[in-house]
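These notes are about the structure you will find just below.
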Amino acid sequence: MTVHDRLRAVRERWKPLLVGVVLGAGCALVLATLSPREYAASATVYVAAGSASADPVAEHRVASYPHLVSTETIGRQVADALGLDADPRAVAGQLTATSPPGTALIDVTATDRSPYRAEQLGNAAAQALARLIAELENPVPGSGSPVTARVVDAAGLPSGPVGPRPVVNAGIGMLVGLFLGGGGTLLLGRLSTKVRSVEQLNRITGAPNLGVVPHDPAAPRQPLIVHEGADVLRAGAFRRIRGNLRYVGIDRPHKMLTVAGAASGHGTTTTLCNLAIAAAQAGTRVAIVDGDLRRPRVADYLGLEGAVGVTTVLVGRAGLDDALQPWGSWPLDVLPSGAIPPNPSELLASRQMRNLLGTLRGRYDLVLLDAPPVHPGTDAAVLGARSDGALLVVRQGTTVRGRLTSALDALDGVAVPVLGTVVTMAAQAKAAESCHHQGHLPGVAVSEPVDSHPTQPMPAVADGDPDANGHGVSRDEATAWLSVTDCLNGSRSVR
Numbered sequence: 402m403t404v405h406d407r408l409r410a411v412r413e414r415w416k417p418l419l420v421g422v423v424l425g426a427g428c429a430l431v432l433a434t435l436s437p438r439e440y441a442a443s444a445t446v447y448v449a450a451g452s453a454s455a456d457p458v459a460e461h462r463v464a465s466y467p468h469l470v471s472t473e474t475i476g477r478q479v480a481d482a483l484g485l486d487a488d489p490r491a492v493a494g495q496l497t498a499t500s501p502p503g504t505a506l507i508d509v510t511a512t513d514r515s516p517y518r519a520e521q522l523g524n525a526a527a528q529a530l531a532r533l534i535a536e537l538e539n540p541v542p543g544s545g546s547p548v549t550a551r552v553v554d555a556a557g558l559p560s561g562p563v564g565p566r567p568v569v570n571a572g573i574g575m576l577v578g579l580f581l582g583g584g585g586t587l588l589l590g591r592l593s594t595k596v597r598s599v600e601q602l603n604r605i606t607g608a609p610n611l612g613v614v615p616h617d618p619a620a621p622r623q624p625l626i627v628h629e630g631a632d633v634l635r636a637g638a639f640r641r642i643r644g645n646l647r648y649v650g651i652d653r654p655h656k657m658l659t660v661a662g663a664a665s666g667h668g669t670t671t672t673l674c675n676l677a678i679a680a681a682q683a684g685t686r687v688a689i690v691d692g693d694l695r696r697p698r699v700a701d702y703l704g705l706e707g708a709v710g711v712t713t714v715l716v717g718r719a720g721l722d723d724a725l726q727p728w729g730s731w732p733l734d735v736l737p738s739g740a741i742p743p744n745p746s747e748l749l750a751s752r753q754m755r756n757l758l759g760t761l762r763g764r765y766d767l768v769l770l771d772a773p774p775v776h777p778g779t780d781a782a783v784l785g786a787r788s789d790g791a792l793l794v795v796r797q798g799t800t801v802r803g804r805l806t807s808a809l810d811a812l813d814g815v816a817v818p819v820l821g822t823v824v825t826m827a828a829q830a831k832a833a834e835s836c837h838h839q840g841h842l843p844g845v846a847v848s849e850p851v852d853s854h855p856t857q858p859m860p861a862v863a864d865g866d867p868d869a870n871g872h873g874v875s876r877d878e879a880t881a882w883l884s885v886t887d888c889l890n891g892s893r894s895v896r
């Protein structure tokens, strides 16, 4: 997992990271609020040499004396001096001592919930330490001691509590929350089996990404980019896909493409319909073939009658010209699925289907086959084998790597090249960044934005009658079209 992958995982899962920081700070503040206040009082003990020759001895031993304060012996003496009915070890646990380097001083500090008790403990501990030093340095009464100790500064009443410290605790809690949240985010990224980025998709498929389609909450109600109020970024994404298609598979023609998803619910049919519309708007002669003979949707999305179509033509109950239905004012024809048959795979693999697709290939510049999901089933692979290649539709954050690799294996098993991928339902910010900051989409050598001087006439604005000239659109639609054009032209580059 590279540094870039880790940063991307944190960026894509910033919410758990933020929750960790907030929870860490919040828990620290709550604990600080509920914890009792503690007070500290300090007394100072001076260690002196009994003679000039004993100075090195005193200086050497003063560093070891602070450790005596936390012993059970000192705790017992302090408890006895103050008349406390407490465990000597517990009393010693309230005591600490330090010796500033280069000095003969020992600072004895006592902490307690009561400021008065802290003062008493500090003074009693300092006196007990001085007595213990005298006993240790002069084990035989009357003999000369090289070191003496006495209290030179008694402990005073604390002016305020030393803990808890809400601000400091909150800062520590935030750091702990940041660390745990970041670790959890990276762990989720490592354990996640879903495809979450274009870079990851490119590595798995080995195919270029042709476009990233942003999520549009209105898409279920208005799936087509020509609907009034259609999302500008979404419409622009399909025009980018249309342009990028020209630069993939240049070693072999790809007039006929199978559009399939790695699994259901990826927006495959919506992607196919909008790509066909975008291509037809550029003057390309396009045919849509609903090859999903199990759950056909093309006719419903385009508002057409789907009773006559592929199956009707294959069984000889209708001619191809009778089954094809024009759509819109562009060179776009649609061949719905027709009646749902009991044997879809057999029909798709039939000689009649091959002949049907061959006829369409000769008539149109681009034929798009709507296929069922590659996994499970074999229909998509059968259709792919009849076409020049496949476009694989992947839903961001939903497609599982295992299903994606299974789909790739299924297509590879019948020698269907994956010409490119399309990511659907991406975050709006990612799509906007792609539009404004990239001259091409990841994995594509050259991207062709909408030409500022297109060979096809720009949609005319019709006042009052949108269909007055056969190609008219409303002013709102024209404004949206111009917005997409400006956005895409601003990112023209060749790499």
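In the numbering used here, the protein residues as written are 402 to 896. Just so you know, even glycine gets a beta-carbon here, dropped at the ideal spot from N, CA and C.
Under 8 Å Cβ to Cβ from Gly871, same chain only, skipping five residues before and after it: list those, please.
With a pLDDT of 36 at Gly871, under the threshold of 50, the modelled position of this residue cannot be trusted; read the value that follows with caution. So the qualifying residues of the chain are Ser730.
Which one of Ala480, Ala505, Gly503, Thr504 has the shortest CA to CA distance from Gln495?
Ala480
By DSSP, does Arg622 sit in helix, in strand, or in coil?
coil
Excluding the 5 residues preceding and the 5 following Asp554 in the sequence, name in chain order all residues of the same chain whose CB lies nearer than 7 Å to its CB.
Ala444, Thr445
Using only CA atoms, which one of Pro774, Asn539, Thr669 lies nearest to Ala550?
Asn539
So, at 8 Å on beta carbons, what are the nonlocal neighbours of Arg698 in its own chain, with the 5 sequence-adjacent residues on each side left out?
Thr670, Asp691, Asp771
Arg622 versus Leu435 - alpha carbon distance
53 Å
Buried or exposed: where does Glu520 fall if 16 or more other Cβ atoms within 10 Å of its Cβ makes it buried?
buried
Go through its chain and collect everything with a Cβ distance to Ile573's Cβ below 7 Å, but skip five positions before and after it.
Ala429
For a quick check, are the C-beta atoms of Leu673 and Val687 less than 7 Å apart?
no
What is the C-beta distance between Pro773 and Asp701, in whole angstroms, given that I count them as a contact (C-beta under 8 Å)?
So it is not a contact: roughly 15 Å between Cβ atoms.
Contact set for Leu883: own chain, Cβ-Cβ below 6 Å, skip 5 residues either direction
Residue placement at Leu883 cannot be trusted, given a pLDDT of 40 that sits under 50; what the coordinates show is reported in the next sentence. Once the five neighbours on either side are set aside, Leu883 has no close Cβ partner at all.
The alpha helix (DSSP H) that contains Pro489, what's its start and end?
489–493
DSSP beta-bridge partners for Gln753?
BP columns for Gln753 are empty, so no partner.
Thinking C-alpha only, which one of Arg641, Gly503, Pro516 is nearest Val824?
Arg641
Within the same chain, show all residues whose beta-carbon is closer than 6 Å to that of Gly785, passing over the 5 residues directly before and after it, in chain order.
Thr659, Ala791, Leu812, Val817
Please report the distance separating the alpha-carbon of Leu758 from that of Ala740.
18 Å
Is the distance from the Cβ of Ile475 to the Cβ of Ala529 below 7 Å?
Yes. Within cutoff.
If you count every other CB in all the chains shown that lies within 10 Å of the CB of Val847, and 16 or more means buried, which is it?
Unreliable positioning characterises Val847 in this predicted model, as indicated by a pLDDT of 37, which lies under 50. The coordinate reading is nonetheless provided below. Exposed: under 16 other Cβ atoms inside 10 Å.
For the ligand ATP, any of its heavy atoms closer than 6 Å to the Cβ of Val423?
Questions concerning the ligand ATP fall outside what the structure shown contains, since it holds no ligand whatsoever.
Excluding the 5 residues preceding and the 5 following Leu579 in the sequence, name in chain order all residues of the same chain whose CB lies nearer than 6 Å to its CB.
Val422
Label Ala570 either buried or exposed according to how many other C-beta atoms from any shown protein chain fall within 10 Å of its C-beta, with 16 as the threshold for buried.
The residue asked about is misnamed: residue 570 is Asn in this sequence, not Ala. Label assigned to Asn570: buried.
My guess is that Leu705 and Pro737 are in contact by the Cβ rule of under 8 Å, so how many angstroms apart are they, rounded?
6 Å
Using a Cβ-Cβ cut-off of 6 Å (strictly less than) and excluding sequence neighbours within five positions of Ala482, which residues of its own chain qualify?
Ala525
Who are the Cβ neighbours of Arg635 in its own chain at under 7 Å, not counting the five residues just before and after it?
Val614, Pro615, Asp617, Ile626
Presumed contact (8 Å Cβ cut-off) between Ala498 and Asp508, rounded CB distance:
Contact flag correct, Cβ pair sits at about 6 Å.
Go ahead and pull the three-state DSSP assignment for Val801.
Note: Val801 maps to strand in three-state DSSP.
Let me know the secondary structure DSSP gives Gly844 once reduced to three states.
With a pLDDT of only 40 at Gly844, under the threshold of 50, the placement of this residue in the model should not be trusted; the figure read from the coordinates follows. Three-state DSSP puts Gly844 in coil, outside helix and strand.
State the Cα-Cα distance for the pair Pro745 and Leu419, rounded to the nearest angstrom.
So the alpha carbons of these two residues sit roughly 50 Å apart.
Residues in its own chain within less than 7 Å of Thr779 by CB, not counting five upstream and five downstream?
Non-local beta-carbon contacts of Thr779 in its own chain, meaning distances under 7 Å to residues more than five positions away in sequence, involve Ser746 in chain order.
Count the other CB atoms within 10 Å of the CB of Thr512; is the residue buried (16 or more) or exposed (fewer)?
buried
Gly821: first and last residue of the uninterrupted beta strand (DSSP E) it sits in:
Counting along the chain, Gly821 sits inside the beta strand (DSSP E) bounded by residues 819–827.
Taking Cβ to Cβ, would you say Asp734 is nearer than 7 Å to Leu721?
no
Ignoring anything shorter than 4 residues, give me the alpha helix (DSSP H) runs that lie fully in the region 682–757, in order along the chain.
699–703, 711–715, 721–724, 745–749
Label Pro559 either buried or exposed according to how many other C-beta atoms from any shown protein chain fall within 10 Å of its C-beta, with 16 as the threshold for buried.
buried
Are the Cβ atoms of Leu769 and Ala677 separated by less than 7 Å?
Contact flag set, yes.
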